[in-house]
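Here is the structure we will look at, set down as structure tokens.
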Amino acid sequence: MRYSKLFPKARREVKAESINHRLLVQAGFMDQLMAGSWTLLPLGWRVVNKINNIIREEINKVDGQEILMPLLHPKSIWNETGRWDKADEIMYKLKDQRGREYVLSFTHEEIVMDILRKQINSYKDLPVAVYHFSTKFRNELRARSGILRGREFMMKDLYSAHVSEEDLMDYYFKVLEAYKKIFDKLGFNYRVTEADGGVFTDKNTHEVQVLSQAGEDTIYYCDQCDWGANGEIYKFKQGNKCPKCRQGKVIEAKSIEVANIFPLGTMYAEKMKVFYTDKNGKKKPVWFGSYGIGPTRVMGTYAEVFNDDKGLIWPEAVAPYKVYLIGLKGGEKKAKDLYKKLSDLGIEVLWDDRDESAGIKFKDADLIGCPIRLVISKKTAEKVEWKNRTSEKQELLTSEQVVAKLK
RNA sequence: CGGAGUGUAGCGCAGUUGGUAGCGCGCGUCGUUCGGGACGGCGAGGUCGACGGUUCAAAUCCGUCCACUCCGACCA
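Following our numbering, the numbering of the first sequence begins with 404 at its first residue and continues without gaps.
Pasting the structure below:
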């Protein structure tokens, strides 16, 4: 991509208290429509898509099948579970010209249940797991922290149905393992915690929490084993013995909840009459679970966790472009050639071909935060300067060496 | 919803005791520059958040409302 053509350009200054708000807006990744509603601009959309692809890959591995469900739901389906009233405060409800009532989706359990009751007959049809990436609308009392808490945001939600609690819980922990793989690939320092199910279930659930001062949650975790808990239901003291391994100490920390999984049981199936016939010919309710990850919140979390005073720092796995290429005086032609060469090889390059000063290009390169910066100028002569975003070290390579290193 | 703050040019901001609006950046253009936000010349750009009131006169004073940010309640 030629930076001269990219919409929009980085800005000089942005007033915002939250780090993800300031950096992502300043660098041109997102734009605010109103409190809690954001446009993902080309750079931001690329990042979110990369996050989504990493999620998709792991969810497919646990037999999730991707679908796309509607966002406009009739009142009747939400009445079936009682959530039309129970979740009233977070729902955006609408009425059409004839007085019919709807809600903008804040989750999809009821919708999946409706599909299942039409499609599932026998135990032979189970288990089944479906997921989609789509927008969620939640009427938060207060939108805040940039894109971390919006009233409209993207979520990957996976739903699974099973013949028994054993099978559900077996799958539930498989998904938890898949989530760990996802957040390992994404490169976060996170903890898995036990938490409250909120409007979703009375049962306890698990969350993936990325450690960050910008987080709204307080969690407790063991400094030696994998134990962790959300402070909303459990209270522990920093420094006490870990309740699980009895060896490590409890650490209290701020964190951002990026994923949550719920073993919902048979309540939804019973209320919505989602039954299957077992081997003995008996009708039984399906065991149900739901599993969410917030990709747009994940992007905001990156901005909060990976940055320095110069700007964003993207890990290669999700960077909008792998390389930021700068051609300075005397290197324009060579930069153009290298851009073509790398692009032909399928390497993602953002080429700053603007007629701007060297200083502006360097500042924007740092702000946008691609992992690798390449510079060609009079100074580099026939070579190319390679610098990683996370290091001050610069090395001069031939373009062949650059290509080999990038492959 | 309670508390605090802010709305003035595309962005960031200043604007005194009321007298009809400025700065920096950016933008257009010409020229000189060209490895860490270069410099000069010329130029464009505003219903001062909205509505109402006070006044000869309101960005400025008063009232109502709206929007955004932060803290809280709440929430993924």
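The C-beta atom is built at its ideal place from N, Cα and C for all residues, glycine as well.
This one's a predicted model, so the numbers in the text were calculated from it and none came from an experiment.
| query | result |
| --- | --- |
| Burial state of Ile636 (16 or more Cβ within 10 Å) | exposed |
| Local conformation of Thr793 per DSSP, three classes | coil |
| Lys559 and Gly697 closer than 9 Å at C-beta | yes |
| Coil, strand or helix - Val566 by DSSP | coil |
| Nonlocal neighbours in the same chain, by C-beta distance under 6 Å from Glu751, ignoring five residues either side | Tyr724 and Lys725 |
| Three-state secondary structure assigned by DSSP to Gln641 | coil |
| Per-residue DSSP class, three states only, for Gly703 | helix |
| Rounded separation between Asn482 and Glu469 - CA only | 27 Å |
| Inter-residue CB distance, Leu426 and Gly714 (contact presumed, cutoff 8 Å) | 6 Å |
| Beta-carbon proximity check, Thr669 vs Phe603, cutoff 9 Å | no |
| For Trp630, three-class secondary structure by DSSP | coil |
| Cβ pair Glu691, Met472 closer than 9 Å | In the sequence on display, residue 691 carries Phe and not Glu. No, Cβ-Cβ distance for Phe691 and Met472 is not below 9 Å. |
| Where Thr596 falls, given that 16 or more other Cβ within 10 Å makes a residue buried | buried |
| Residue of Glu420, Thr621, Asn463 and Leu443 minimising C-alpha distance to Tyr562 | Asn463 |
| Proximity below 9 Å, CB of Thr383 to CB of Trp441 | This structure gives no information on residue 383, because the portion of the chain shown stretches from 404 to 810. |
| Chain-order list of residues whose beta-carbon lies under 6 Å from that of Val428 (same chain, five-residue window excluded) | Val417 |
| Glu735 versus Met702: straight-line alpha-carbon distance, rounded | 33 Å |
| Cβ-based neighbour list, Gln612, same chain, cut-off 8 Å, excluding 5 preceding and 5 following | Tyr593, Arg594, Val595, Thr596, Gly618, Asp620, Ile622, Gly631, Asn633, Ser658, Ile659, Glu660 and Val661 |
| Proximity winner among Met437, Ile458 and Ala430, relative to Glu447 (alpha-carbon distances) | The question names Glu, yet the displayed sequence has Gly at residue 447. The residue with the shortest Cα to Cα distance from Gly447 is Ala430. |
| Expected contact under 8 Å - CB spacing of Ile585 and Ile458 to nearest Å | 6 Å |
| Any beta strand (DSSP E) of 3 or more consecutive residues that is wholly inside the segment 586-627 | 593-598, 608-614 and 620-625 |
| Under the three-state DSSP convention, the category Pro813 falls into | Lying outside 404 to 810, the shown extent of the chain, residue 813 is not represented and no answer is given. |
| Among Tyr575, Arg520, Ala490 and Met572, the one whose alpha carbon lies nearest that of Glu543 | Ala490 |
| Nearest-angstrom Cα separation, counted from Lys744 out to Met437 | 42 Å |
| Nearest candidate by alpha-carbon position, reference Glu719, set Ile454, Arg405 and Ile493 | Ile454 |
| Proximal residues to Ser591 (C-beta, below 6 Å), its chain only, five neighbours per side dropped | Here the sequence assigns Phe to residue 591, which means Ser is not the residue at that position. Excluding residues within five positions, the ones whose Cβ falls inside 6 Å are Val613. |
| Range covered by the beta strand (DSSP E) that runs through Met433 | Met433 to Met437 |
| Residue environment, Leu519, which counts as buried when at least 16 other CB atoms sit within 10 Å | buried |
| Cα-Cα separation between Lys408 and His565, rounded to whole angstroms | 50 Å |
| Buried or exposed (CB count within 10 angstroms, at least 16 for buried), Gly601 | exposed |
| For Lys496, the nearest candidate out of Arg776, Thr484, Leu475 and Ile514 (CA to CA) | Leu475 |
| Endpoints, the beta strand (DSSP E) within which Ala532 is located | Val531 to Phe540 |
| Whether Ala706 touches Gly549 by CB criterion (9 Å) | yes |
| Alpha-carbon spacing of Leu731 relative to Phe765, whole angstroms | 10 Å |
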